[in-house]
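Numbering follows this note's numbering, in which position 329 of the sequence shown is assigned residue number 329; successive positions increment by one, without gaps. Don't be surprised by glycine CBs; every beta carbon is placed ideally from N, CA and C.
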Amino acid sequence: MSIPISDRTYDTRLWVRALFGFALATALGVLVASYPFAVFGAAGVCLALYGIFSWCHERLEFWQVLVLFALTPYLILNYGFDNLAVGAGGVQFPVGELLMFAALALLLGRQSWIVRSIMAESSVVCLAALLLLSCAHLIVDVPRYGLYAVRDSSMFFEVVFLPLGVAWGINPRATQVLLRWMFFVFVLNLLYSWTFSWGEQIRAWSPSSGVFHPVPLFGNYWQNAPFLLVGALFCIWLAPSIERWPSWILVGLAAAQLGSLAILQARSMYVGILLVLMILLLLGESKKLVGFVSTLAWGTGVLAVLLLAVSVLGIEFQGRMGPVQFSFIVDQAKTVLNVGDANTRFSHEVDRSRWYAEVWDRVRSSPSNLIVGEGFGQALITFENEEGIPVRQPHNSSLTVLGRLGLAGLSMWVLFIILTALRYIRALRRGHTLGEWFPLILWLFLYFVLALLFTSVQPALEFSHGAIPFYFFLGLSIGVLRNLENNPGLPLFDAVAQPVRR
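Listed below in structure tokens is the structure:
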């Protein structure tokens with residue numbers, strides 16, 4: 001009877017693996033104990049990225065996976081992901097823009113005809129004119145102001161990502177996958193918004209990065225409020241066609257997103273709710289109007305239950321502008337309608353009035369500034385936020401266009417908005433021919449309106465987390481509408497998302 005002889009090589013490898021596993025577990029334990037928010041946040045990001053890749057890589061082309069890698073944190077982490085940068089030797093590059101440029105290069109390497117085709121769109125011609133005017137300014141401004149000039153011009157240069165949305169929109173199968181992805185992004189945005197009251201602690205524990213100054217990756221909520229509102233509309237109109245979830249869960253998610261606006265307390269979104277109601281009324285969409293009103297009522301109910309629960313437990317939630325209480329929310333809404341007590345006005349209103357006057361003084365300081373703007377590189381206003389970081393732009397993207405590119409740029413910008421709105425309205429007026437695409441076109445139109453509303457009170461398009469999603473969804477609209485014009489009756493939700501053949 002033979003006795004097996006132990007393999008020393010095998011034993012050595014086993015011990016090495018055991019020691020490595022023990023060291024790794026110890027290191028992770030120390031990291032979790034020392035930086036719990038950072039570690040769990042990073043783990044969540046890694047899981048989200050892995051989920052995107054594992055779910056999408058068989059259904060989408062590689063450039064589309066890169067776009068989702070960038071858009072997901074742009075929509076949720078916003079300003080924090082804006083400043084996530086990599087580099088060496090003192091030169092840093094934003095990760096989000098690197099991913100988007102890589103996706104654009106892969107797309108144009110195969111489908112360069114898309115750029116030529118979208119130039120037939122009048123609204124795109126206006127954006128191209130703004131881009132050319134910006135290039136003319138940068139020839140002079142970059143030698144004088146360096147990277148700050150490039151940073152200030154990003155609002156106009158990120159229009160180059162519009163073809164990514166167009167290419168996506170002309171493919172019904174990819175559009176269906178995108179809608180499924182957006183549903184889960186809106187759910188994540190809802191959960192992330194609930195952490196607002198602990199934002200200060202999250203920022204303290206979060207890793208920081210930045211091209212010009214360090215910014216925490218987590219704990220920023222600059223643009224979560226608009227996506228709560230459009231996410232609620234998405235759950236009402238689009239989610240029932242793409243997810244097999246019970247209707248009461250989808251209505252509950254929509255109501256929860258509307259109720260969560262009381263935490264972020266963005267007054268522009270209160271106005272946005274009224275705009276949605278008015279647009280649905282003007283379009284004669286009585287069924288969707290009733291559905292939105294009922295969801296709004298449920299959202300109020302969700303908020304009431306939440307406030308009752310926290311009051312019983314003795315917990316106080318702090319919102320963006322004040323405590324999460326019905327009395328404060330009512331007072332805040334009154335300031336929007338200009339019927340509240342003058343003593344309850346927020347300091348932001350005084351600041352905005354001063355910024356607008358400051359930009360107007362700069363615009364009329366010379367004929368060149370009035371006609372073509374002062375260009376890029378200099379701050380348009382003199383103001384510092386709570387962290388002592390200079391604020392370079394007024395909280396109004398259209399006013400930024402006037403300051404940077406003058407009346408010439410502003411006229412192109414206003415014409416772009418008008419032409420785009422008319423494109424949507426013409427499509428929606430022939431709703432019977434859109435079939436199952438109609439809810440998507442309506443949702444994209446309302447996103448466009450709400451995004452512009454938000455830019456009237458915040459410098460949203462001046463940052464990548466606002467501009468890149470804006471131009472991407474605009475491109476998606478163009479792609480969808482052009483495809484429907486060429487292929488009437490094309491199905492959307494009947495298109496099965498099969499693996500991509502490579």
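Alpha carbon of residue i to alpha carbon of residue j, nearest angstrom
| i | j | result |
| --- | --- | --- |
| residue 364 | residue 405 | 12 Å |
| residue 346 | residue 149 | Note that residue 346 scores 49 on pLDDT, short of 50, meaning its location in the model is unreliable and no value can be drawn from it. |
| residue 256 | residue 72 | 20 Å |
| residue 100 | residue 275 | 32 Å |
| residue 306 | residue 299 | 11 Å |
| residue 460 | residue 135 | 21 Å |
| residue 318 | residue 206 | 20 Å |
| residue 108 | residue 117 | 13 Å |
| residue 252 | residue 270 | 20 Å |
| residue 202 | residue 192 | 11 Å |
| residue 63 | residue 247 | 34 Å |
| residue 543 | residue 146 | Residue 543 is absent from the structure shown; the chain starts at 1 and stops at 502. |
| residue 303 | residue 295 | 12 Å |
| residue 355 | residue 362 | 11 Å |
| residue 119 | residue 195 | 43 Å |
| residue 129 | residue 198 | 44 Å |
| residue 527 | residue 182 | This structure does not reach residue 527, given that the chain is present from 1 up to 502, and the question cannot be answered. |
| residue 249 | residue 151 | 42 Å |
| residue 110 | residue 242 | 30 Å |
| residue 409 | residue 156 | 10 Å |
| residue 370 | residue 407 | 6 Å |
Min CB distance residue i to chain C below 9 Å
| i | result |
| --- | --- |
| residue 370 | The structure shown contains no chain C, having only a single protein chain. |
When the options are compared against residue i, the one with the closest alpha-carbon
| i | options | result |
| --- | --- | --- |
| residue 436 | 300, 484, 263, 109 | 484 |
| residue 469 | 238, 92, 450, 318 | 450 |
| residue 509 | 194, 102, 128, 196 | Given a span of 1 to 502 for the chain in the structure shown, any question on residue 509 remains unanswerable. |
| residue 77 | 486, 466, 490, 482 | 466 |
| residue 217 | 82, 317, 403 | 82 |
| residue 471 | 394, 162, 152 | 162 |
| residue 280 | 172, 359, 481, 292 | 292 |
| residue 289 | 267, 243, 233 | 233 |
| residue 126 | 411, 295, 259 | 411 |
| residue 284 | 429, 260, 372 | 429 |
| residue 480 | 154, 434, 226 | 434 |
| residue 398 | 382, 373, 377 | 373 |
| residue 240 | 228, 227, 229, 254 | 254 |
As assigned by DSSP and simplified to three states, the class of residue i
| i | result |
| --- | --- |
| residue 318 | strand |
| residue 95 | helix |
| residue 379 | coil |
| residue 408 | helix |
| residue 290 | helix |
| residue 86 | strand |
| residue 390 | strand |
| residue 482 | helix |
| residue 366 | coil |
| residue 243 | coil |
| residue 525 | Examination of residue 525 is not possible in this model, given that the chain is present from 1 through 502 alone. |
| residue 112 | coil |
| residue 64 | helix |
Contact belief for residue i with residue j at Cβ below 8 Å, rounded distance in angstroms
| i | j | result |
| --- | --- | --- |
| residue 74 | residue 222 | That pair is no contact at about 11 Å. |
| residue 210 | residue 464 | Not confirmed; about 13 Å, so no contact. |
| residue 431 | residue 169 | Not really, about 18 Å apart at Cβ, beyond 8 Å. |
| residue 421 | residue 441 | 13 Å between Cβ atoms; not a contact. |
| residue 189 | residue 224 | 6 Å |
| residue 237 | residue 443 | 6 Å |
| residue 390 | residue 380 | Contact flag wrong, Cβ pair sits at about 11 Å. |
Residues that DSSP places opposite residue i in a beta bridge
| i | result |
| --- | --- |
| residue 209 | 215 |
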